[in-house]
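Undergrad:
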Amino acid sequence: MNEKQLRWFTVALIAFNMVWGMGNVVNNYAQQGISVITSWLLILAIYFIPYALIVGQLGSAFKDSKGGVSSWVENTTSNKRLAYYAAWTYWVVHIPYLAQKPQAILIAAGWAVQGNGDIVNTMSVQMVAVISLIIFLAFLYLSTKGLSTLKVIGGLAGTAMFVMSLLFILLAVTAPFINPTMEFATANMNQVQTYIPKFDFGYFTTVSMLVFAVGGAEKISPYVNSTRNPAKEFPKGMIFLAAMVGICAVLGSVAMGMLFASDNIPKDLMANGAYSAFQILGNYYGIGNLLMIIYALTNMVGQISALAFSIDAPLKILLADADPEFVPSWLRKRNSKGTLVNGYMFTGILVGIIILLPIVGIKDMNELVKWLTNLNSVVMPMRYLWVFLAYMMLNKAYKKFTSEYKFVKNPKVGFIFGAWCFAFTAFACILGMVPKVEYAADPKAWWFQLISNIVTPIILILLGMILPAIARRDKKKNEVKQPVTQL
Numbered sequence: 001m002n003e004k005q006l007r008w009f010t011v012a013l014i015a016f017n018m019v020w021g022m023g024n025v026v027n028n029y030a031q032q033g034i035s036v037i038t039s040w041l042l043i044l045a046i047y048f049i050p051y052a053l054i055v056g057q058l059g060s061a062f063k064d065s066k067g068g069v070s071s072w073v074e075n076t077t078s079n080k081r082l083a084y085y086a087a088w089t090y091w092v093v094h095i096p097y098l099a100q101k102p103q104a105i106l107i108a109a110g111w112a113v114q115g116n117g118d119i120v121n122t123m124s125v126q127m128v129a130v131i132s133l134i135i136f137l138a139f140l141y142l143s144t145k146g147l148s149t150l151k152v153i154g155g156l157a158g159t160a161m162f163v164m165s166l167l168f169i170l171l172a173v174t175a176p177f178i179n180p181t182m183e184f185a186t187a188n189m190n191q192v193q194t195y196i197p198k199f200d201f202g203y204f205t206t207v208s209m210l211v212f213a214v215g216g217a218e219k220i221s222p223y224v225n226s227t228r229n230p231a232k233e234f235p236k237g238m239i240f241l242a243a244m245v246g247i248c249a250v251l252g253s254v255a256m257g258m259l260f261a262s263d264n265i266p267k268d269l270m271a272n273g274a275y276s277a278f279q280i281l282g283n284y285y286g287i288g289n290l291l292m293i294i295y296a297l298t299n300m301v302g303q304i305s306a307l308a309f310s311i312d313a314p315l316k317i318l319l320a321d322a323d324p325e326f327v328p329s330w331l332r333k334r335n336s337k338g339t340l341v342n343g344y345m346f347t348g349i350l351v352g353i354i355i356l357l358p359i360v361g362i363k364d365m366n367e368l369v370k371w372l373t374n375l376n377s378v379v380m381p382m383r384y385l386w387v388f389l390a391y392m393m394l395n396k397a398y399k400k401f402t403s404e405y406k407f408v409k410n411p412k413v414g415f416i417f418g419a420w421c422f423a424f425t426a427f428a429c430i431l432g433m434v435p436k437v438e439y440a441a442d443p444k445a446w447w448f449q450l451i452s453n454i455v456t457p458i459i460l461i462l463l464g465m466i467l468p469a470i471a472r473r474d475k476k477k478n479e480v481k482q483p484v485t486q487l
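Start counting the sequence shown at 1; every next residue gets the next number (full-length UniProt numbering).
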């Protein structure tokens, strides 16, 4: 039986399900309004397509590597320390992500039960922080017991959310054809200038959210060598993927423009936008809150599963085969059931700090949701830097490696593409640290967000640099304790 069964369109559909979601549309519309359509087209052309094709070549060159990006870095640099830092980065960027999940669960539950976004608009930051911490600690404990059933249910909920995001576009875009007199919330949507962004400093501080939205293409790498003809079929699949993402991004943003005024974006759009959109469409089509309730329930289950899975999987990837030279023995400790007890505790402490941190600098939950979403857009893309470093080194040592699929045949051009994507990601992350709140409106919140956006990634990286020193000290202690064998 031929194992290479996947066709280009199958790979594209698998990748699309991994990369895309309605949150990508809502969050970026909340920051840029209707002009985000132009931004989507630009980011796909200059960043996402090269990114996906770069991942394809790395996956093809290292088809037997099980460690993902850390294996790519170790193979291309022959440096175990850099490979450890790559693995550490891939784990530690999930900390702000995990801190945001309990809030998402709380918001989804509020919409499913109350049918509105009052939880976001009325609950204090202190109360949200305490409840979020309780939710997180409960799932941290449950993750140590194994949650295979929940993960299966979550997978189904994830697929349902994906279908709902496509249904949203379909229902919104077809609405004017059903009712030609329908009024759009955003004015002048038939004029080209409406879609032209203002390329000022404020605009560039929002680019990290676009990078965050289209990131994660390295998850596609295992499928490169499963295609019938990687050299031809994989790039075709990635171009098709980019086209699908582009169509959904553009039509989704058009749909948002129809429902929410681009020049008067609701303050709670990041938190409540998706639910409000389904509520508006449900009322328009005469089915009330049905669409919103279905989305809220599937989103809640999906978020619960994502929380459990994101506690468990990245930790196992980091610590399962961790090099004792870089990771201390106490962090690798397992109990009688094989659970990485100290690893879970370490995760709990870091996530708990980020969950409680906003109490000192953020006044309302809307700003809390915006801050954590933007913090994730700064921190999460840091892991992509290792992908591009590995690709640059692959092209530098091109004679050592062979792959069935190559993004570009000329290694010098390949190196330039890798350097471009690396620089663009770093640029987006650095500018993304600038707060999105008006300084004059709330100077304290502005300074809190700026300092936390800068300090959080620095501390997370420094922790990874400190651990090898602790591991060396532990190793020396163990060597001293071992008895000297008499000859």
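Backbone N, C-alpha and C fix where the C-beta goes; we use that ideal spot for every residue, glycine too.
#1: In whole angstroms, give me the CA-to-CA distance for methionine 380 and lysine 477.
#2: Among Val25, Ala15, Ile95 and Ala12, whose alpha-carbon lies nearest the alpha-carbon of alanine 271?
#3: Between Pro266, Ile134 and Asn410, which lies nearest to lysine 396 when the distance is taken from Cα to Cα?
#4: Would you tell me roughly how many angstroms separate the C-alpha atoms of aspartate 358 and methionine 127, rounded to the nearest one?
#5: What runs of the alpha helix (DSSP H), each 4 residues or longer, lie entirely inside the region 105 to 160?
#6: Leaving aside the five residues before and after glutamate 367 along the sequence, list all residues of the same chain whose C-beta is less than 7 Å from its C-beta, in chain order.
#7: Can you give me the Cβ contacts of serine 262 inside the same chain, cut-off strictly under 7 Å, excluding the 5 residues immediately before and after it?
#8: Alpha carbon to alpha carbon, how far is asparagine 374 from phenylalanine 422?
#9: So is alanine 213 buried or exposed if we call it buried at 16+ other beta carbons inside 10 Å?
#10: Would you please state the rounded distance, in angstroms, between the beta carbons of leucine 106 and phenylalanine 136? I believe it to be under 8 Å.
#11: Quick one: give me the first and last residue of the alpha helix (DSSP H) that alanine 213 is part of.
#12: Just reading off the alpha helix (DSSP H) that leucine 331 is part of, what are its end residues?
#13: Who are the near neighbours of leucine 133 in its chain, counting only those whose CB is closer than 8 Å to its CB and skipping five residues on each side?
#14: Using the rule of at least 16 other Cβ atoms within 10 Å of the residue's Cβ for burial, across every protein chain shown, is leucine 460 buried or exposed?
#15: If valine 211 sits next to alanine 428, beta carbons under 8 Å apart, how far is it from one beta carbon to the other, in whole angstroms?
#16: Check the C-beta distance from tryptophan 386 over to valine 163 and give it rounded, since I have them as a contact under 8 Å.
#17: Here's the rule I'm using: 16 or more other beta-carbon atoms within 10 Å means buried, otherwise exposed. How should glycine 202 be labelled?
#18: Does the region 85 to 95 come into contact with the region 454 to 469, if we say contact requires no fewer than three beta-carbon pairs (one atom in each stretch) closer than 8 Å?
#19: Output yes or no for whether 9 Å exceeds the beta carbon distance between residue 511 and phenylalanine 407.
#20: Suppose the cutoff is 8 Å on Cβ atoms and the five residues either side in sequence are ignored; what does the same chain contact list for leucine 166 look like?
#21: Does DSSP put aspartate 364 in a helix, a strand or coil?
#22: Decide if the region 224 to 234 is in contact with the region 37 to 44; the criterion is three or more beta carbon pairs, one per stretch, under 8 Å apart.
#23: Expressed to the nearest angstrom, what Euclidean distance is found between the alpha-carbon atoms of proline 314 and glutamate 74?
#24: Between the beta-carbon of glycine 155 and the beta-carbon of serine 305, is there less than 9 Å?
#25: For the alpha helix (DSSP H) containing aspartate 312, name the first residue and the last one.
#26: What separation, rounded to the nearest whole angstrom, lies between the Cα atoms of threonine 194 and arginine 81?
#27: Helix, strand or coil for methionine 1? Go by DSSP, reduced to three states.
#28: Report yes if the CB atom of phenylalanine 278 is closer than 9 Å to the CB atom of methionine 292, and no otherwise.
#29: Any chance the region 316 to 328 sits against the region 172 to 180, with 3 or more Cβ pairs inside 8 Å?
#30: Label alanine 471 either buried or exposed according to how many other C-beta atoms from any shown protein chain fall within 10 Å of its C-beta, with 16 as the threshold for buried.
#31: With a 10 Å radius around its C-beta and 16 neighbouring C-beta atoms as the bar for buried, classify methionine 1 as buried or exposed.
#32: Would you report the Cα separation of valine 413 and tyrosine 398, rounded to the nearest angstrom?
#33: Along the alpha helix (DSSP H) that carries tryptophan 20, what are the first and last residues, could you check?
TA: A quick look at the data gives this:
#1: 36 Å
#2: Val25
#3: Asn410
#4: Before going on, a small fix: residue 358 reads as proline here, not aspartate. Computed Cα separation, rounded: 11 Å.
#5: 118 to 122 and 125 to 143
#6: Val437 and Ala445
#7: Gly33, Ile34 and Thr186
#8: 20 Å
#9: buried
#10: With 8 Å as the limit, leucine 106 and phenylalanine 136 do not qualify as a contact, their Cβ atoms being about 11 Å apart.
#11: 207 to 214
#12: Note, leucine 331: premise wrong, no alpha helix (DSSP H); not H, not E.
#13: Pro102, Gly352, Ile355 and Leu356
#14: buried
#15: 4 Å
#16: Actually they do not touch by this definition, with Cβ atoms about 33 Å apart.
#17: exposed
#18: yes
#19: Shown here, the chain extends from 1 to 487; a query on residue 511 therefore has no answer.
#20: Cys248
#21: strand
#22: no
#23: 18 Å
#24: yes
#25: 290 to 319
#26: 49 Å
#27: Low confidence applies to methionine 1: its pLDDT is 39, below 50, so where it sits in the model is not reliable, and the reading given next is rough at best. Coil at methionine 1, not helix or strand.
#28: yes
#29: no
#30: buried
#31: Low confidence applies here, because methionine 1 scores a pLDDT of 39, under 50, leaving its location unreliable; read the following figure in that light. Methionine 1 comes out exposed.
#32: 12 Å
#33: No alpha helix (DSSP H) holds tryptophan 20; DSSP gives it neither H nor E.
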